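Note that this note's numbering numbers the sequence shown so that position 235 is 218, with each residue one more than the last.
Idealized CB from N, CA, C, for every residue including glycine.
These numbers were taken from a predicted model, which means no experiment stands behind them.
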Amino acid sequence: MGKNLRYWTAVLLGIGLLAASGYSAAGRGLPVWSEVELDLTEDGRTSITYTVNYRVVSGEFHGFYFSGPQIDKLKPIWDNGWGRATTSSGKEIPIVRGQRNGKTTIELGGGRGVSSGNVIFRFRFATQLAQAGFLANTTDAQGNKLVVLNWAPTTWDNGLEHYTAYVRYPTQVQGDPRSKEFLDSVHFRTERFMNERYKIDYRKTRDGRFEVLLHVTNIPKDYSFRIQQYVSSSLFNDLVLKTNGLPLGLEGLQQWVNPQQPSGQRTILGVVGLLLASLFFFVLRQKFGETRSALAGMDSVRWTSVAWKPPKIQISSFRKPGKVCEDLTPVEVAFFLEMPYKRILSVMLQRLSQAGFLKVIDESPLRIKTIKRDPRDRAKLESYEDVMLKSAFDNKLDENELKMLLELVVDNVRRKSWDCDIEATKTYWRKQINVVWDQREKEGHESRTEDEAKPYLNRHHGWYHWYFNRYNYDNYDTRLRPEKYERFIDVNTDHISYDAFFDNVPPVNVCHSACHSACHSACHSACHSACHSACHSACHSACHSGGSF
């Protein structure tokens, strides 16, 4: 009787949640793809960043639900001031977290909505993976002490073109991150199912850390993108056996998510008892692939039956020959052509001046004055131009804001073009530029031959002609030069090379083989048949992200 009562209660709860999810619907959008970044520190604190692309289907789209047990269990500490959304036109909109029907939402700020195109949301939070039970100590059959990451990002209520995960470990890469020597040095291993389902690659981040990229395409709705991989425990502090003072709790994470308030505290692992877990926990663990083998009362997880094998190196490329990245914005095109940063800023400054958003008061030192405009005019600016306007303080451009602008462009170009053919993309955009450049050459501007005779870093590639043409500036004379304000802009970082853009996009994909855990199959079969069918419908709406409004 008690079991039946619990079952029907869950069913009614699920139906109620399904009904409530559509109550305040003002528009509809569907997730197209999702990417998640995990930045792990030595003590288990982790920054998790989601990038989600939504396509507007109908009405005025305002946001989506982002909730469920796999998120709640992390006890996220949100970085509320960091998130943003970018529309298809390049406009940036602040995003906020909200609550609807008792569920967390990610929404466009100020009640704004989008009625067409796509919206890319980017947001992040901090968590303690060790305390949540997703990061734990273990050993292999040879006695090597390892740390296992056993976690899955949120599931979505719609099929996705791709789901990508970037897992960054707290260790510096020595040599080639894809070499057997390096992988063996950090004892990197995965479960066999990962090799069978995902594309896997090893990379070196710009700051030299070890990054594992996982990529899967054309996935159905409610797909569990489960990650189960291992590294040497020497990369971390002893997550289970040692602590430094009090465990890092809510206060410590809130300090850590703000870089101005660093916290040196360490944490202990909250061990979840497998044998004491409830029926509902088993269901959720099955749904999200969380088959952890931590046992109550044990100091670590030991899978001594696993016989590890070294990786098998296979070479293939993420880049698709001939694939062109066609969704770059004008500023991103300039970076793709390797134009110096100060020259790009110089052109942007002239564009904003020509458009009446600011006035250059003096060149040396550079002093500017912003001009108040109708918000509707400012909304038409490319997102990077709007950021440049925001960097204007006390009649000058703030250097730190300009550096943040640079990081934003680099990040977006990497994300958009990671699997594209670089040369094919350059050729594509040069053709677009040359159509305008040929016309400007007839009007007396510098020719392609003259530009090509310069050192590469002194060239402008005709980009500024095309850039101004995009904004209907047809009448301008030769005094409008790309380098006009270049030497007066106070920012240390200048030229960004291809290496800087694409050092995280590897030429090879390293696949490898490891042995499957003996624990997973047995537990999976035992729990699945008993729990899945009865509870799936009732729990569905409460367990995945998506559902727009």
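Taking the CB atoms as reference points, tell me whether residue i and residue j lie closer together than 7 Å.
i    : j    : result
V40  : G12  : yes
M331 : E368 : yes
P153 : L218 : yes
E25  : N220 : yes
A115 : L57  : yes
V131 : A148 : no
W134 : F108 : no
L364 : I351 : no
H444 : L328 : no
G10  : E43  : yes
Y450 : P465 : no
Y181 : L197 : yes
T110 : P59  : yes
H151 : R95  : According to the sequence shown, residue 151 is Arg rather than His. Taking 7 Å as the Cβ cut-off, R151 and R95 do not qualify as a contacting pair.
F471 : L349 : yes
K74  : S366 : yes
L129 : S71  : no
K303 : D184 : no
D434 : R423 : no
V396 : E315 : yes
With distances taken Cα to Cα, identify the nearest neighbour of residue i among the options.
i    : options                : result
R209 : S215, S216, V199       : V199
G92  : F104, N84, K86         : F104
V393 : R442, A317, K187       : A317
R186 : G96, Q155, Y48, S98    : Q155
Q415 : V396, L311, F106, E384 : L311
S98  : I60, T88, G46          : G46
I78  : T69, E90, G85, S72     : E90
Y33  : W65, G27, G42, F44     : W65
K409 : D473, R95, R464, V307  : V307
M387 : R359, V370, G305       : V370
W139 : R359, N395, I76, K204  : K204
Q337 : Y37, D55, I354         : I354
Y324 : E406, D473, R189, T87  : D473
A362 : D22, I76, S30          : I76
Helix, strand or coil: which one does DSSP assign to residue i?
i    : result
T410 : helix
T32  : strand
A119 : strand
H448 : helix
T312 : coil
W401 : coil
I472 : coil
E90  : strand
S41  : strand
P465 : coil
N220 : coil
E18  : strand
L555 : What the structure shows of the chain is the stretch from -16 to 532, and residue 555 is not part of that stretch, so it cannot be assessed.
P52  : helix
L391 : helix
W420 : helix
K425 : helix
R67  : strand
Exercise. Do the segment 163 to 171 and the segment 135 to 144 meet, that is, are 3 or more Cβ pairs less than 8 Å apart?
Worked result: no
Exercise. At what residue ranges does the segment 100 to 177 contain a whole run of the beta strand (DSSP E), taking only runs of 3 or more?
Worked result: 101 to 111, 118 to 122, 128 to 134, 143 to 155
For this session: List in chain order: all unbroken alpha helix (DSSP H) runs of 4+ residues lying wholly within the segment 301 to 388.
Result: 313 to 319, 324 to 337, 358 to 361, 366 to 373
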